[in-house]
Amino acid sequence: RRISIEQGVEPPPNAEIHTFEVTAQINPLYKHGPKLAHGMNELAGTEGASAHQQQQLLLQRQQQHQLLLQSCLDTLDEVAASASASLHASDAASDPPVDTEAAVAVS
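Laid out in structure tokens, this is it:
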């Protein structure tokens, strides 16, 4: 339905609307950016992770989230394409068969 609305086309009244929710487990350590969570400096010792290491970890987590999001979008596209193909197949099945020989003879 969302895709139809974005394309300016209302779905037919008998269209099946499929909705699903995607959630991801997000490590709270990375949720607030490259800073370590409260108390993590003590756990890591006096050396701790350098700012560069923290940034690398954050970038890695962001890339993982982007891949997860892309995977979800790909799945959504597949569901929409499947629903569209199913709709077109049911439309084709409900249309009477065309007699091509009769059409040629008439024209």
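Residue numbers for the sequence shown follow UniProt numbering, beginning at 1 and rising by one.
Where a beta carbon is used, it is the ideal one built from N, C-alpha and C, also for glycine.
Below 8 Å on the Cβ atoms is my guess for residue 68 versus residue 15; work out the distance and round it to an integer in Å. Contact flag wrong, Cβ pair sits at about 28 Å.
Using only the alpha-carbon positions, how far apart do residue 53 and residue 80 sit? 41 Å
Measuring straight from C-alpha to C-alpha, what distance separates residue 64 and residue 73? 14 Å
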